[in-house]
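Novice: First, the structure itself, so that you have it in front of you.
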Amino acid sequence: MINVTVNGTEQIKCNKGDNLYQVLTAAGYVFAGNCGMKGRCNRCLVWNQDTGSFVKSCQYIVDRDISIRLEEEQLTGITGHKMNLPTEQRKKPVTSAYGIAIDIGTTTIGMELVDLNEKAVKCSFSTLNSQIATGADVVARIQAADTKEGLEHLRSLLFSDIQKGVDHMLINTPEAVDHIRRYVLAGNATMLSIAEGLTTENLFGYPFTLKNSDIRVIEQNDFIVSPSFENAASDVICLPNIAAFSGADIAAGAVAAEIDRDFSYRMLIDLGTNGEIILCNKEYGVATSAACGSAFEGCFRTANVFGSNIFDMLALLLKRGQMDAEGVLAEPYFESGISMGSNMKIDMETIRAFQLGKSAILSGIMMLVREIGIELSDIAEVCIAGGFGFHLNLTNAVTLGLFPQSFQGKMKVLGNTSLEGAYLSLIEPGFIDTINRFKEKIRYVDLSNRSDFNTIYIEHLPFRTY
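The sequence shown lines up with residues 29 to 494 when you count with our numbering.
Put into structure tokens, the structure is as follows:
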């Protein structure tokens, strides 16, 4: 056996020929990078103390004992933990019932512990999704979960993340221990398929059928098991999906945002790894998804720079003339990129990733407007959801061509509407029925089947206002 020593304190045993990244993640060190072990994102760099140099752990094969150093900001913060509650706290009389709302994102997981009687959030928790080690985007997860073995691995990672979140919230709210009555899960169809124990081969190719279009209930003992506390009998409810790439996350979020409250057309845009869009009114609506890749999650050179920061930097480069509308850096910076502060460099690869992502979103918006048969100006309100959207400078988003100019003054940033939908499903009788009725009037538009999409997509690649 070979020893891998981490930060001079922990020793991990592995076999000769093992991949260092896999050794570390198996030991609980989950990196913030998500290039799928392709050696591109530089987020899994470790300091080899034996050679005095950085190595990409995902490309490093362990052939001898090695001592490495990891910086805390490289990691997701979801390594091993224990939950120990004093006996007197566990036996404290409690009259309230609690529920847990969970939004399972491709990149992040958000959770809230809710007092069902007070209808109040008592504690919250968020973390990177540990499945990120198997690939950045939805397609990578679909590929990884299309076999029973792959599904079990991803499901184990997911449930481990959720369990850590539950433990964290119960440590901070000990009166809720043994009184969890219900879990509600929202997320895209792929994440919920994994949670529900459904292989994903149906999502890998046309016609992209759903196995989980309706509400499903997971066996509580299968979902969450912890020696740290005795859970009360709980329902574990997965919210319904609209289509293979229009999930329960945007369905629940749309109902939470009430975008169908009257006959005016409203749009909900959930910006994440897989951008989802719904345009509807009280009677009818359409939905689509536009792959943003990992661009909008900010998966670039450092752990402390987010996608919204990159957008601001690109807007500045465009204004200064250091980048043109086609996304090409000026000559002095074309080969090596341009420094934008400590440990941050904008290069052509970064720009291209954002260019493709922003064109996908804008083209998806244009396609839905065309599908309904209205003008952009007919949209009364635009709701921006998702963690990326929460921090986004909307003026820069219009300047760079993420959103059309006609959206100025109509945009409202809502944050995590998927988690809000899961929360409302816990506390509002009939809210899940409302989601079911909503999804029945939404028709999914598959952009890959539209001959006019490529033309619109190419037209909207330049960084400019539309």
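Here a beta-carbon is modelled for each residue, glycine too, at the ideal position from N, C-alpha and C.
Which term fits Pro432, buried or exposed, when burial requires 16 or more other beta carbons within 10 angstroms of its beta carbon?
Specialist: Classification of Pro432: buried, given that the 10 Å Cβ count is 16 or more.
Novice: Given this structure, state the Cα-to-Cα distance separating Leu73 from Ser85, to the nearest angstrom.
Specialist: Roughly 6 Å between the two C-alpha positions.
Novice: Just grab the DSSP bridge partners of Tyr234 for me.
Specialist: According to DSSP, which records beta bridges pairwise, Tyr234 is partnered with nothing at all.
Novice: Work out the CA separation of Ala353 and Ile278 for me, nearest whole Å.
Specialist: Cα-Cα distance, rounded: 32 Å.
Novice: Using a threshold of 8 Å, state whether the C-beta atoms of Val441 and Phe435 are closer than that.
Specialist: The answer is no: Cβ separation not under 8 Å.
Novice: Would you call the CB atoms of Leu267 and Ile243 closer than 8 Å?
Specialist: Their beta carbons are under 8 Å apart, which means Leu267 touches Ile243 by this criterion.
Novice: Please report the distance separating the alpha-carbon of Asp288 from that of Gly449.
Specialist: Distance between the alpha carbons of Asp288 and Gly449 is about 15 Å.
Novice: Measure the alpha-carbon distance for Leu264 versus Ile246 and round it to whole angstroms.
Specialist: In the sequence on display, residue 264 carries Val and not Leu. For Val264 and Ile246, the distance between alpha carbons rounds to 5 Å.
Novice: Counting only runs that start and end within the region 444-486, where is the beta strand (DSSP E) found for 3 or more residues in a row?
Specialist: Runs found: 470-472.
Novice: Between Ser476 and chain B, is any beta-carbon pair separated by less than 8 Å?
Specialist: Given the protein chain composition of this structure (a single chain), no chain B is represented.
Novice: Do Glu140 and Leu428 have their C-beta atoms within less than 8 Å of each other?
Specialist: No, Cβ-Cβ distance for Glu140 and Leu428 is not below 8 Å.
Novice: Rank Arg210, Ser158, Ile374, Ala319 by C-alpha distance to the C-alpha of Lys192 and give the top, closest one.
Specialist: It is Ser158 whose Cα lies nearest to the Cα of Lys192.
Novice: Does the separation of the CB atoms of Asp46 and Val83 fall below 8 Å?
Specialist: Cβ atoms of Asp46 and Val83: not closer than 8 Å.
Novice: Return helix, strand or coil for Thr423, following the three-state DSSP convention.
Specialist: In this structure, Thr423 counts as helix in the three-state DSSP scheme.
Novice: Quick check on the burial criterion: 16 or more other C-beta atoms within 10 angstroms. Buried or exposed for Ile297?
Specialist: Buried.
Novice: Exposed or buried, which one is Phe291 when buried takes at least 16 other CB atoms within 10 Å?
Specialist: Phe291 is exposed by the Cβ-count criterion.
Novice: Starting from Lys41, follow the beta strand (DSSP E) in both directions and report where the run begins and ends.
Specialist: 38-42 is the span of the beta strand (DSSP E), which, as asked, contains Lys41.
Novice: Between which two residues does the alpha helix (DSSP H) harbouring Asp195 extend?
Specialist: 176-200 is the span of the alpha helix (DSSP H), which, as asked, contains Asp195.
Novice: Have a look at Gly414, Val473, Phe459, Leu454 and flag the residue whose alpha-carbon is nearest the alpha-carbon of Asn145.
Specialist: Selected option, being the one with the closest Cα: Leu454.
Novice: Would the beta-carbon of Ile484 fall within 8 Å of that of Ser391?
Specialist: Yes; because the gap between Cβ atoms is below 8 Å, this pair is in contact.
Novice: Across the region 353-373 and the region 384-399, are there enough close Cβ pairs to call them in contact, namely three or more that are closer than 8 Å?
Specialist: No, because fewer than three Cβ pairs between the region 353-373 and the region 384-399 fall closer than 8 Å, the two stretches do not touch.
Novice: Is there contact here, the region 170-189 with the region 218-236, by at least three beta-carbon pairs under 8 Å?
Specialist: Touching, yes.
Novice: Can you look up Tyr49 in the DSSP assignment and give me helix, strand or coil?
Specialist: Three-state result, Tyr49: helix.
Novice: Would you mind sorting Lys41 into buried or exposed? The rule is 16 or more other CB atoms within 10 Å of its CB.
Specialist: So Lys41 ends up on the exposed side.
Novice: The beta strand (DSSP E) spanning Leu222 covers which residue range?
Specialist: First, the residue type needs correcting, since residue 222 is Ile and not Leu in the sequence shown. No beta strand (DSSP E) holds Ile222; the alpha helix (DSSP H) holding it covers 217-224.
Novice: Taking contact to mean at least 3 C-beta pairs separated by less than 8 Å, is the region 364-382 in contact with the region 404-419?
Specialist: Too few Cβ pairs lie closer than 8 Å, so no.
Novice: For the alpha helix (DSSP H) holding Arg169, just list the boundary residues, first then last.
Specialist: Note, Arg169: alpha helix (DSSP H), 166-172.
Novice: Apart from the five residues on each side of it in sequence, which residues of its chain come closer than 6 Å, Cβ to Cβ, to Met351?
Specialist: Hits under 6 Å: Leu345, Leu357.
Novice: Is Asp165 buried or exposed, if buried means 16 or more other CB atoms sit within 10 Å of its CB?
Specialist: The residue is buried, with at least 16 neighbouring Cβ atoms inside 10 Å.
Novice: So the alpha helix (DSSP H) Asp277 belongs to, where does it begin and stop?
Specialist: Residues 276-285.
Novice: Where do the N-terminal and C-terminal ends of the alpha helix (DSSP H) with Thr378 fall, by residue?
Specialist: 376-400 is the span of the alpha helix (DSSP H), which, as asked, contains Thr378.
Novice: Taking contact to mean 3 or more Cβ pairs, one atom from each stretch, closer than 8 Å, check whether the region 451-471 and the region 298-312 are in contact.
Specialist: Taking 8 Å as the limit for Cβ pairs, the verdict is that the region 298-312 does touch the region 451-471.
Novice: What's the gap between the Cα of Leu156 and the Cα of Thr162?
Specialist: C-alpha separation (whole angstroms): 13 Å.
Novice: Among Gly36, Asn444, Phe491, Tyr126, whose alpha-carbon lies nearest the alpha-carbon of Ala381?
Specialist: Of the listed residues, the one whose Cα sits closest to Ala381 is Phe491.
Novice: Closer than 6 Å by C-beta to Tyr88: which residues in its own chain qualify, once you throw out the five before and the five after it? Chain order, please.
Specialist: Contacts found: Leu48.
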